[in-house]
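Comments concern the structure below.
Residue numbers (our numbering): 1 to 173.
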């Protein structure tokens, strides 16, 4: 129908497309909730990774230090520090092939010192505290010593640093 040169068009609500404000708010709320859940999952995964790395570092360094102590004690001919059974010290000295190998704490690291120089036995991801050595046995028996130390991870997880205490007994052959 034409009136004054204009065409009249019927607009029905069934032909219009779009969102109402309520629908838009519902979609935004759902999307926001979904993003919050994903963010929490991501943060939890990162926390688990930090704890896992700290645990791994302390276990690896602990195993290496224990293995090195046992290996060197197996090659050693004498334990010269601590000198007598029952004595305690903060370092261990073994004689291997006529050369002195000294285990001690230097700048929160277990170090081994000989004529070749000084080497750190633990990695940068851990620090060592409480390194102590107690000489065991009797004067005429086989020489042995008990070694104690604690490894602390330098990385901070959700629960703090990973702390592991180690104790081993070594003896010369």
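Note that CB positions come from ideal geometry on N, CA and C, so glycine has one too.
Asked	Found
Nearest-angstrom Cβ-Cβ length linking residue 90 and residue 34, presumed shorter than 8 Å	That belief does not hold up - the Cβ atoms of residue 90 and residue 34 are roughly 56 Å apart, past 8 Å.
Assigned secondary structure, residue 160 (DSSP; H/G/I helix, E/B strand, else coil)	strand
Whole-number beta carbon distance between residue 129 and residue 57, since they are thought to touch under 8 Å	Not confirmed; about 15 Å, so no contact.
Residues near residue 93 by beta carbon distance below 6 Å, same chain, minus five either side	80, 81, 100, 102
Alpha carbon of residue 150 to alpha carbon of residue 165, nearest angstrom	4 Å
DSSP three-state assignment for residue 74, whether helix, strand or coil	helix
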